[in-house]
Amino acid sequence: MATYHLSEAAVEKLLRPREGFAPVLLSASAGAVWLDEPDAKACLAALSGPRSPANLKGFFLPAAESVARYGAEGGGAATAVETAVATTVLLGVRACELRAKGYLDAVLADGPFADPTYRRRCRSTLLVSCDCVACADSCCCTLVGGQPFATGGYDLNVTALDDGLLVDVASEAGEKWFGEPKAIGAEPALPEHAARRDKQREATGKRLAEQNAAFTFRAVGAKPAPLPDDADAAWQRFAADCVECGACTNICPTCHCFYLYDQVLGAERFERLRNWDSCLLGSYHRMAGGAHMKLTPRPQLRSRLANRVLHKFTYSPQQYGRLGCVGCGRCIDACLGAIDIRQVVQELER
Amino acid sequence: MSAAKPADSYVPQPVKLVEVIDETPTIKTLVVQPARPMPFLAGQFVQLTVPGVGEAPFTPSSSPGRPEKLDVTILKTGAVTDRMHEAQAGATLGLRGPFGKGYPVDKLAGKEVLVVGGGVGLAPLRALILALLEDLSPIKRLSIRYGARCVAELLYRGQYDTWTKRDGKVDFTCTIDNPESGWDGRTGVVTTLLKGLDIDKGNCVAFVCGPSIMLKFTTLALEEEGLRPEQIYLSMNRRMSCGMGLCGRCNIGPYYLCKDGPDMNYAKIKDYPNVF
Chain A
1323 MATYHLSEAA VEKLLRPREG FAPVLLSASA GAVWLDEPDA KACLAALSGP
1373 RSPANLKGFF LPAAESVARY GAEGGGAATA VETAVATTVL LGVRACELRA
1423 KGYLDAVLAD GPFADPTYRR RCRSTLLVSC DCVACADSCC CTLVGGQPFA
1473 TGGYDLNVTA LDDGLLVDVA SEAGEKWFGE PKAIGAEPAL PEHAARRDKQ
1523 REATGKRLAE QNAAFTFRAV GAKPAPLPDD ADAAWQRFAA DCVECGACTN
1573 ICPTCHCFYL YDQVLGAERF ERLRNWDSCL LGSYHRMAGG AHMKLTPRPQ
1623 LRSRLANRVL HKFTYSPQQY GRLGCVGCGR CIDACLGAID IRQVVQELER
Chain B
2 MSAAKPADSY VPQPVKLVEV IDETPTIKTL VVQPARPMPF LAGQFVQLTV
52 PGVGEAPFTP SSSPGRPEKL DVTILKTGAV TDRMHEAQAG ATLGLRGPFG
102 KGYPVDKLAG KEVLVVGGGV GLAPLRALIL ALLEDLSPIK RLSIRYGARC
152 VAELLYRGQY DTWTKRDGKV DFTCTIDNPE SGWDGRTGVV TTLLKGLDID
202 KGNCVAFVCG PSIMLKFTTL ALEEEGLRPE QIYLSMNRRM SCGMGLCGRC
252 NIGPYYLCKD GPDMNYAKIK DYPNVF
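Here the protein sequences come in this chain order: A and B. The first sequence begins at 1323 in the numbering used here and counts up one residue at a time. The second sequence begins at 2 in the numbering used here and counts up one residue at a time.
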């Protein structure tokens, strides 16, 4: 559509509260923060910093959410829970997270069965992505076919420059939130703005290449190199450091496993919740049954760890034509046992 | 299979429990009646809810030809199934589904069909048996091999004769694990019934359902008898929550058993880890 340059004063105006929109700033220092007051300085600082530890999926697939009420209410008819949500404007979404969102869409929205609340939340969310001017030490999007800037899938994309913000308006919904450019003092972008943006992108790409120089694997697209199954001894070495806390799956922007949990609300009134779950936990696959039966297909942690990594790098390409890892590096930061997924893939891919 | 309406996908629809049949000391069949008939294919499964307690997946054991009343045969074996065994006729339960692909019944023309069940694993297979008995003309033969722990645990014991007497095409043999007084039938695990099978092995399709260890040894026994992996379908009934390939837990390799199964062709899954 169009690209604009916004001074700090114009950014302040862009962030002014407007009815129907609830902006959330994603920042490395503060996680996800609802912007009740426009704060251009904080916004520009966050947009020029590394990615937030808060991942995007919580906005579409909350950690726990009511999905059904049933029982005596309404003459015994069960109903889906309608979640009221305002248009959430997510500011500072990274390219890796847009790829993760694409993955979640493939799983939760595009198949014959769709998750109803996920779809509803997608419809009421505006994605404002930003170039990664800085990145975390664990960032590794370029190892898995990504780039530190978005090329599509956003409503608006912004680039933090040293004198303000470059804003690429890409969708009608994005245009609606952006409003009349003149009203906020936005100027049409000049070729020199784009040139500075491109230079920044190049610099971040170079930094990513440098910090990941030790990793020679390239997992790209629908046919990455095969990894061995859980019988390989390397899995045991990595599993020895895993404490089954589930941090990696919680913080991963593509991990989407959940279970449905029923609870009693009152006399003959019941509720069903959808809760995040983690494939690394021993209880994850556990079935009912007697002591003489094999109650889980993956009793060993090494098998569960292997299943998680294989799902991302081998099974997802077969299921959805895309990798299940976007190289955001959050699991590397979160792991109590210092398991580095780059190391895992590097060592197992041979 | 038609897609469920998105808004309904997690919502248990109320069903009336119209009859409880005591099958064995550990197994009951709950006959449930949905508000509207629920058409399903043999082998597709449903999620049955005990209100406020939770749900568990079951493949109906009744004929798909009777969508207005579904039999769900349940082994008492955990928190949810314990409560299902306590349920009395007249109670309201919840139902979602049907989910999964169902048995490839339409691919069985001209085939010898071998059904191998272990314990409560005969329940899903009964839907297949009843579906095939509706019209036996397309298939060449239906051989049923069944094993239970003891005489008291032989499921649907009064019905075996009704399956075989309709047509000379159907034969049934069962076994119990250990000898018992008053039992003059076969003893030993179900795989002992598969030695030297009198079937046209090249033209046979086997459907197997039972506990994980029974699936494993039955598969080995069938391969030993000369069946190829493509001829073997296994009921991979694992822990499932959503039933729709969203919640992630029932995978074997890239397959979600809820969506791609629960009956999986062994050739598809055999090279992935943690099959049994």
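The beta carbon of each residue, even a glycine, is placed where N, CA and C say it ideally should be.
*Buried or exposed: where does A1385(A) fall if 16 or more other Cβ atoms within 10 Å of its Cβ makes it buried?*
Residue mapping note: residue 1385(A) aligns to position 63 of the first sequence, counting from 1. Counting Cβ neighbours within 10 Å, A1385(A) comes out exposed, since fewer than 16 surround it.
*Between S242(B) and chain A, is there a C-beta pair that is closer than 9 Å?*
One-based indexing of the second sequence puts residue 242(B) at position 241. Closer than 9 Å to the CB of S242(B) there is at least one CB belonging to chain A.
*Coarse secondary structure for D136(B), derived from DSSP in three states*: Walking along the second sequence from the start, residue 136(B) turns up at place 135. DSSP places D136(B) in coil when its eight states are reduced to three.
*Of the listed residues E24(B), G55(B) and A132(B), nearest to Y1583(A) (C-alpha basis)*: For the purposes of this step, residue 1583(A) is identified with residue 261 of the first sequence, where counting begins at 1. The residue with the shortest Cα to Cα distance from Y1583(A) is G55(B).
*Taking a cut of 9 Å between CB atoms, which residues from the stretch 250 to 264 of chain B lie near chain A?*
R250, C251, N252, I253, G254, P255, Y256, Y257 and K260
*By the criterion of Cβ-Cβ separation under 8 Å, what are the contact partners of N275(B) in chain A?*
If you number the second sequence from 1, residue 275(B) lands on position 274. Those within 8 Å of N275(B) in chain A are D1552, P1619, R1620, S1625 and N1629.
*Under a Cβ-count criterion, where at least 16 other Cβ atoms within 10 Å of its own Cβ denotes burial, should S182(B) be classed as buried or exposed?*
What you label residue 182(B) is simply residue 181 of the second sequence in a count that begins at 1. Label assigned to S182(B): exposed.
*What runs of the alpha helix (DSSP H), each 4 residues or longer, lie entirely inside the stretch 1622 to 1653 of chain A?*
1623 to 1632 and 1638 to 1642
*Within the 9 Å Cβ cut-off, does A57(B) reach chain A?*
Sequence index remark: in the second sequence, residue 57(B) carries index 56 (1-based). It does: the Cβ of A57(B) has a partner Cβ on chain A nearer than 9 Å.
*Following the continuous alpha helix (DSSP H) through S1349(A), name the residue where it begins and the one where it ends.*
The sequence position of residue 1349(A) within the first sequence is 27, counting from 1. No alpha helix (DSSP H) holds S1349(A); the beta strand (DSSP E) holding it covers F1343 to S1349.
*Terminal residues of the alpha helix (DSSP H) in which R146(B) lies*: Position 145 of the second sequence, counting from 1, holds the residue named residue 146(B). No alpha helix (DSSP H) contains R146(B), which is instead part of the beta strand (DSSP E) from R142 to A149.
*CA-CA distance, M237(B) and P26(B)?*
In the second sequence, residue 237(B) corresponds to position 236, counting from 1. In the second sequence, residue 26(B) corresponds to position 25, counting from 1. Distance between the alpha carbons of M237(B) and P26(B): 25 Å.
*Report all residues from its chain with a CB closer than 7 Å to the CB of K29(B); omit the five preceding and five following residues, and keep chain order.*
As a first step, residue 29(B) is located in the second sequence; it is residue number 28 there, counting from the start. So the list reads V21, I22, D23, I75 and H86, once near-sequence residues are dropped.
_Is the beta carbon of V1480(A) closer than 9 Å to that of L1413(A)?_
Residue mapping note: residue 1413(A) aligns to position 91 of the first sequence, counting from 1. Residue mapping note: residue 1480(A) aligns to position 158 of the first sequence, counting from 1. Here L1413(A) is near V1480(A), since their CB atoms are less than 9 Å apart.
*Within the stretch 172 to 249 of chain B, note down every full alpha helix (DSSP H) run reaching 4 residues or more, in order along the chain.*
List check, alpha helix (DSSP H) in window: 213 to 225.
*asked:* So R1594(A) contacts chain B; which residues on that side make the cut at Cβ distance below 8 Å?
replied: Stepping through the first sequence from its first residue, residue 1594(A) is reached at position 272. Listed along chain B are Y11, V12 and P13, each with a C-beta nearer than 8 Å to that of R1594(A).
*Pull out every residue of the stretch 1419 to 1444 of chain A whose Cβ sits closer than 8 Å to any Cβ of chain B, in chain order.*
V1429, L1430, G1433, P1434, F1435, A1436, D1437, P1438 and R1441
*Out of curiosity, what's the CA-to-CA distance linking C1454(A) and P1372(A)?*
Working through the first sequence from its first residue, we reach residue 1454(A) at position 132. Working through the first sequence from its first residue, we reach residue 1372(A) at position 50. Approximately 7 Å between the Cα atoms of the pair.
*Measuring alpha carbon to alpha carbon, tell me which of E231(B), G111(B), D136(B) and D172(B) ends up nearest N266(B).*
For this step, residue 266(B) is matched to residue 265 along the second sequence. The shortest Cα separation from N266(B) among E231(B), G111(B), D136(B) and D172(B) belongs to E231(B).
*asked:* L1670(A) and V1631(A) - do their beta-carbons sit closer together than 9 Å?
replied: For the purposes of this step, residue 1631(A) is identified with residue 309 of the first sequence, where counting begins at 1. For the purposes of this step, residue 1670(A) is identified with residue 348 of the first sequence, where counting begins at 1. Yes.
*Look at the alpha carbon of R1519(A) and the alpha carbon of A1324(A), and state the distance between them as a whole number of angstroms.*
Here residue 1519(A) refers to the residue found at position 197 of the first sequence. Here residue 1324(A) refers to the residue found at position 2 of the first sequence. Cα-Cα distance, rounded: 15 Å.
*For P1345(A), which residues of its own chain have a beta-carbon under 7 Å away from its beta-carbon, when the five flanking residues on both sides are left out?*
Here residue 1345(A) refers to the residue found at position 23 of the first sequence. Once the five neighbours on either side are set aside, the close Cβ partners of P1345(A) are L1337, L1357, V1411 and L1413.
*Take S213(B) and list the residues in its own chain whose beta-carbon comes closer than 6 Å to its own, dropping the five residues that flank it on each side.*
Within the second sequence, residue 213(B) is the residue found at index 212, counting from 1. F277.
*Got a sec, what are the start and stop residues for the beta strand (DSSP E) L1488(A) sits in?*
Stepping through the first sequence from its first residue, residue 1488(A) is reached at position 166. Taken as a continuous stretch (DSSP letters only), the beta strand (DSSP E) holding L1488(A) covers G1486 to V1491.
*Between M39(B) and V32(B), is the Cβ-Cβ spacing less than 9 Å?*
By one-based count along the second sequence, residue 39(B) stands at place 38. By one-based count along the second sequence, residue 32(B) stands at place 31. No, Cβ-Cβ distance for M39(B) and V32(B) is not below 9 Å.
*Note down, in chain order, every chain A residue with its Cβ under 7 Å from the Cβ of P38(B).*
If you number the second sequence from 1, residue 38(B) lands on position 37. Under the 7 Å cutoff, chain A gives no residues; its nearest Cβ is about 17 Å from P38(B).
_Please report the distance separating the alpha-carbon of Y1425(A) from that of G197(B)._
Numbered from its first residue, the first sequence carries residue 1425(A) at position 103. Numbered from its first residue, the second sequence carries residue 197(B) at position 196. Their Cα atoms are separated by approximately 50 Å.
*asked:* Let me check one thing: in DSSP terms, what residues is T1293(A) bridge-paired to?
replied: The structure shown has nothing for residue 1293(A), since chain A only spans 1323 to 1672.
*Closer than 9 Å, Cβ to Cβ, to anything on chain B: give me those residues from the stretch 1583 to 1611 of chain A, in chain order.*
Y1583, D1584, Q1585, V1586, L1587, E1590, R1591, F1592, E1593, R1594, R1596, D1599, C1601, Y1606, H1607, R1608, M1609, A1610 and G1611
*Buried or exposed: S1638(A), going by 16 or more other Cβ atoms within 10 Å of its Cβ?*
As a position in the first sequence, residue 1638(A) is number 316, starting the count at 1. Flag for S1638(A) reads buried.
*Taking Cβ positions, are T1554(A) and A1628(A) nearer each other than 9 Å?*
Along the first sequence, one-based indexing puts residue 1554(A) at 232. Along the first sequence, one-based indexing puts residue 1628(A) at 306. The question names Thr, but residue 1554(A) is Asp in the sequence shown. Yes. Within cutoff.
*What first and last residue would you give for the alpha helix (DSSP H) that runs through G1496(A)?*
The residue you call residue 1496(A) lines up with position 174 of the first sequence. Looking at the DSSP string, the run of the alpha helix (DSSP H) that includes G1496(A) is E1494 to F1500.
*Consult DSSP for Y267(B) and reduce its assignment to one of helix, strand or coil.*
Looking up residue 267(B) in the second sequence gives position 266. Three-state result, Y267(B): helix.
*Closer than 8 Å at the beta carbon, the chain A residues around S213(B)*: Taking the first residue of the second sequence as 1, we reach residue 213(B) at position 212. Result: M1615, K1616 and P1619.
*DSSP on Q45(B), reduced to helix/strand/coil?*
As a working mapping, residue 45(B) is identified with position 44 in the second sequence. Q45(B): coil per DSSP, three-state reduction.
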